[in-house]
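Shown next, in C-alpha cells, is the structure this report addresses.
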Amino acid sequence: MLFEPNAPCPCGSGKKYKKCHRVVDEAPSHAKYGLAQGVYADNWKTTSQLQYARGDYAWMADQLKPYAFERVFDIGTGSGHGLLALWECYGPRLRIVGIDENPACLRVASKTLEDRGLPAPVIIRLDITETPFGFVQEGGPLPLPLPEPVALIEADPLTDPYLEDALTDGGLFDVVTIWLTGGHFWRRHNAYSVHRGAKSEHDLRIILQNEAYELADRILRPGGILHVVDRAEAPTSEALRIEYFKAHSEQAEPTSLKVRHIDYRLWEPPEGAPIKLVTTDPENRPDSFPEPQLGLVSIISEKV
Ligand SMILES: C[S@@+](CC[C@H](N)C(=O)[O-])C[C@H]1O[C@@H](n2cnc3c(N)ncnc32)[C@H](O)[C@@H]1O
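The numbering used here applies: residue 368 is where the sequence shown begins, and numbers increase by one.
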C-alpha cells in the first residue's frame with residue numbers, strides 16, 4: 368500500500384487518501400488518466416463552488432462590462448461556475464461554446480447550468496489511449512451545428528484537428544475566455560505535454576495560454592476580446608503592473624492581439640478548497656517589489 372487509506376491525500380486536497388487519489392494509484396496504468404480526470408472534477412467542483420459563493424466569478428464576469436458581446440468561447444470550462452456568472456451578468460443574449468479536455472468536468476458544468484434553468488448539452492467525443500509517448504485523447508469531427516445557446520464540448524485546443532472549423536462554423540467570436548487554467552495530475556502524462564517537455568502545472572498553463580492567444584487571433588472578430596484570468600501575485604504596484612503587461616504582450620506577440628487592460632482582486636485560496644493554488648508569478652521578481660499578495664489577475668487583450 369502506498370499511503371494509509373485514512374491519512375490525508377498527498378495531493379493536499381484535505382480529503383482522506385481513500386476518498387481522493389487512491390483510486391488512481393491503485394488502477395492499472397491505462398485507466399489512470401481517466402480516473403485522475405474524475406478525481407479532479409470532484410475536487411474542482413468544491414473549490415469553484417466556494418469561489419462562486421464569495422463572488423470571484425462575478426468579479427471576473429464584471430471585467431467584460433465595457434465590451435459589447437454575444438458569442439463567447441470558453442477554454443477550460445471546469446465546473447461551469449464561470450459560465451454561470453457570465454450568464455447571470457449578461458443574460459440570454461449570450462451564445463456560449465465551452466470546451467474542456469476533462470469529460471467529468473463537463474458533466475459537472477452541465478449540471479451547474481441546468482440546475483439554474485439553462486440547458487447545456489455536453490458533447491463527449493474523445494477516446495483515451497495509452498501509448499509509449501504518453502496518453503492520447505482523440506476523437507472525430509464535431510456534430511454541426513453546435514447546440515445553442517450553450518454547447519459544452521470535450522476538446523483540447525492543443526491537439527484537436529476538428530475544433531477550429533466547428534467553432535467558426537457559427538461565425539467569429541466576440542470574446543474568448545480562459546479563466547484559472549489548471550488540470551488533473553495525469554495531464555503531464557498526456558503525449559502532447561510530454562512532447563512539449565511540460566514538467567509542472569506552470570508549464571502546462573503557459574502552453575495552454577499561448578495557444579489561447581493564437582487561437583483567439585484566428586477565431587475572434589476584429590475588436591474581439593481575449594480575457595485571461597490567473598491566480599497570481601496581485602499587481603499592487605506600478606512596477607508589477609508593467610511586468611504583467613510585458614509578460615502578456617510577449618505571449619500576444621505572434622498575434623494581432625494587444626494587451627489593453629490589467630486589473631486584480633485580492634484573493635486567498637478559499638478555506639477547505641481541495642484544489643491548491645499554483646500561481647503564475649512575474650519572472651525575475653526584483654527585491655524592491657512590495658510584499659507579495661495573491662490576487663485574481665485579469666488581462667484583457669483586443670484583436671486589432
Ligand atoms: C482550474 S479549472 C478552471 C475552470 C474554469 N475556467 C473556472 O474558472 O472555474 C481549469 C480547467 O481547464 C481544463 N483544461 C486544462 N487543460 C486543458 C486543455 N489542454 N484543454 C482543455 N481543457 C483544459 C481542466 O480540465 C479544468 O477543468
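Here a beta-carbon is modelled for each residue, glycine too, at the ideal position from N, C-alpha and C. The model shown is predicted, which means the values in this text are computed figures rather than measured ones.
Buried or exposed: where does K399 fall if 16 or more other Cβ atoms within 10 Å of its Cβ makes it buried? Taking the first residue of the sequence shown as 1, we reach residue 399 at position 32. Its Cβ being crowded by 16 or more others within 10 Å, K399 is buried.
Candidates Y529, R460 and S668, of which the one nearest K625 by Cα: Walking along the sequence shown from the start, residue 625 turns up at place 258. For K625, the nearest C-alpha among the options comes from S668.
Can you give the Cα-Cα distance for H594 and L661, rounded to whole angstroms? In the sequence shown, residue 594 corresponds to position 227, counting from 1. In the sequence shown, residue 661 corresponds to position 294, counting from 1. If I take the Cα positions, the gap works out to 19 Å.
What are the residues that DSSP puts in a beta bridge with S665? Position 298 of the sequence shown, counted from the first residue, corresponds to residue 665. S665 is bridged to V596 and D630.
Whole angstroms is fine: what's the gap from E531's alpha carbon to A606's? What you label residue 531 is simply residue 164 of the sequence shown in a count that begins at 1. What you label residue 606 is simply residue 239 of the sequence shown in a count that begins at 1. Using only the alpha carbons, I get a separation of about 37 Å.
Helix or strand or just coil, what does DSSP make of D527? In the sequence shown, the residue the question calls residue 527 occupies position 160. Three-state result, D527: coil.
Ignore the nearest five residues each way along the sequence and tell me which others in R474's own chain have a CB closer than 7 Å to its CB. Residue mapping note: residue 474 aligns to position 107 of the sequence shown, counting from 1. Closer than 7 Å at Cβ, skipping near neighbours: V489.
From E497 to V503, what distance separates their C-alpha atoms? In the sequence shown, the residue the question calls residue 497 occupies position 130. In the sequence shown, the residue the question calls residue 503 occupies position 136. Their backbone Cα atoms lie some 6 Å apart in a straight line.
Measuring only from the beta carbon, is N410 closer than 8 Å to any heavy atom that is part of ligand 1? The residue given as residue 410 occupies position 43 in the sequence shown. Because no heavy atom of ligand 1 lies under 8 Å away, the Cβ of N410 does not count as near it: no.
Select from E468, D536 and P516 the residue whose C-alpha is nearest the C-alpha of A408. Here the question's residue 408 lines up with position 41 in the sequence shown. Minimum Cα distance to A408 is reached at E468.
Chain-order list of residues whose beta-carbon lies under 6 Å from that of S665 (same chain, five-residue window excluded): Numbered from its first residue, the sequence shown carries residue 665 at position 298. Q430, V596 and D630.
In angstroms with no decimal places, state the Cα-to-Cα distance between A374 and F500. Residue mapping note: residue 374 aligns to position 7 of the sequence shown, counting from 1. Residue mapping note: residue 500 aligns to position 133 of the sequence shown, counting from 1. Roughly 33 Å separates the two Cα atoms.
From this set, W426, T622, P621 and T647, which residue's C-alpha is nearest P602's C-alpha? Position 235 of the sequence shown, counted from the start, is the residue given in the question as residue 602. It is T647 whose Cα lies nearest to the Cα of P602.
Could you check how far apart the C-beta atoms of P516 and R462 are, in whole angstroms? I think they sit under 8 Å. Taking the first residue of the sequence shown as position 1, residue 516 is located at position 149. Taking the first residue of the sequence shown as position 1, residue 462 is located at position 95. Contact flag correct, Cβ pair sits at about 5 Å.
Using a Cβ-Cβ cut-off of 8 Å (strictly less than) and excluding sequence neighbours within five positions of S477, which residues of its own chain qualify? As a first step, residue 477 is located in the sequence shown; it is residue number 110 there, counting from the start. Result list for S477: G447, A487, P488, V489 and L519, in chain order.
Nearest-angstrom Cα separation, counted from S655 out to H628: As a first step, residue 628 is located in the sequence shown; it is residue number 261 there, counting from the start. As a first step, residue 655 is located in the sequence shown; it is residue number 288 there, counting from the start. Their Cα atoms are separated by approximately 24 Å.
Would you report the Cα separation of T479 and L451, rounded to the nearest angstrom? One-based indexing of the sequence shown puts residue 479 at position 112. One-based indexing of the sequence shown puts residue 451 at position 84. Distance between the alpha carbons of T479 and L451 is about 8 Å.
Please determine if the region 633 to 640 and the region 414 to 430 are in contact, where contact requires at least 3 C-beta pairs separated by less than 8 Å. yes
Considering only DSSP beta bridges, list what G405 is partnered with. As a first step, residue 405 is located in the sequence shown; it is residue number 38 there, counting from the start. Looking at the DSSP assignment, G405 forms no beta bridge with any residue, so it has no partner.
Between the Cα of S560 and the Cα atoms of T535, A425, D523 and K382, which residue gives the shortest distance? Mapped onto the sequence shown, residue 560 falls at position 193. The shortest C-alpha separation from S560 is found at D523.
What residue ranges within the region 545 to 586 form continuous alpha helix (DSSP H) runs of no fewer than 4 residues, ordered along the chain? 558 to 562 and 568 to 586
Let me confirm a value: H388 is counted as buried when at least 16 other C-beta atoms fall within 10 Å, else exposed. Which label applies? The residue labelled residue 388 in the question sits at position 21 within the sequence shown. With 16 or more Cβ atoms within 10 Å of its Cβ, H388 is classed as buried.
Any chance the region 543 to 553 sits against the region 564 to 584, with 3 or more Cβ pairs inside 8 Å? yes
For ligand 1, any of its heavy atoms closer than 8 Å to the Cβ of I442? To locate residue 442, count along the sequence shown from 1; it is residue 75. Within the cutoff, so yes.
Residues that T496 bridges to, as DSSP identifies them: Along the sequence shown, read from residue 1 onward, the residue named residue 496 stands at position 129. Paired residues: V503.
Between the alpha carbons of K382 and C376, how many angstroms are there, rounded? Position 15 of the sequence shown, counted from the first residue, corresponds to residue 382. Position 9 of the sequence shown, counted from the first residue, corresponds to residue 376. Those two C-alpha atoms are separated by around 6 Å.
According to DSSP, simplified to helix, strand and coil, what is V390? For the purposes of this step, residue 390 is taken as the residue at position 23 of the sequence shown. Looking at V390 - three-state DSSP - the assignment turns out to be helix.
Using only the heavy atoms of ligand 1, determine whether one of them is closer than 8 Å to the beta carbon of A494. Position 127 of the sequence shown, counting from 1, holds the residue named residue 494. Rather than Ala, the amino acid found at residue 494 in this sequence is Asp. No, since every heavy atom of ligand 1 falls outside the 8 Å radius drawn around the Cβ of D494.
Proximity test, I466 beta-carbon vs ligand 1 heavy atom, cut-off 8 Å: As a position in the sequence shown, residue 466 is number 99, starting the count at 1. The answer is yes for I466.
In this structure, what does DSSP give as the bridge partners for K383? Counting from 1 along the sequence shown, the entry for residue 383 is found at position 16. According to DSSP, which records beta bridges pairwise, K383 is partnered with P375.
Euclidean distance between Cα positions of L509 and A533: By one-based count along the sequence shown, residue 509 stands at place 142. By one-based count along the sequence shown, residue 533 stands at place 166. Approximately 6 Å, taken between the alpha carbons.
Measuring straight from C-alpha to C-alpha, what distance separates A579 and T414? Here residue 579 refers to the residue found at position 212 of the sequence shown. Here residue 414 refers to the residue found at position 47 of the sequence shown. Taking the straight line from one Cα to the other gives about 24 Å.
Is the CB-CB distance between G537 and V464 below 9 Å? By one-based count along the sequence shown, residue 537 stands at place 170. By one-based count along the sequence shown, residue 464 stands at place 97. Yes, the pair counts as a contact, with Cβ atoms nearer than the cut-off.
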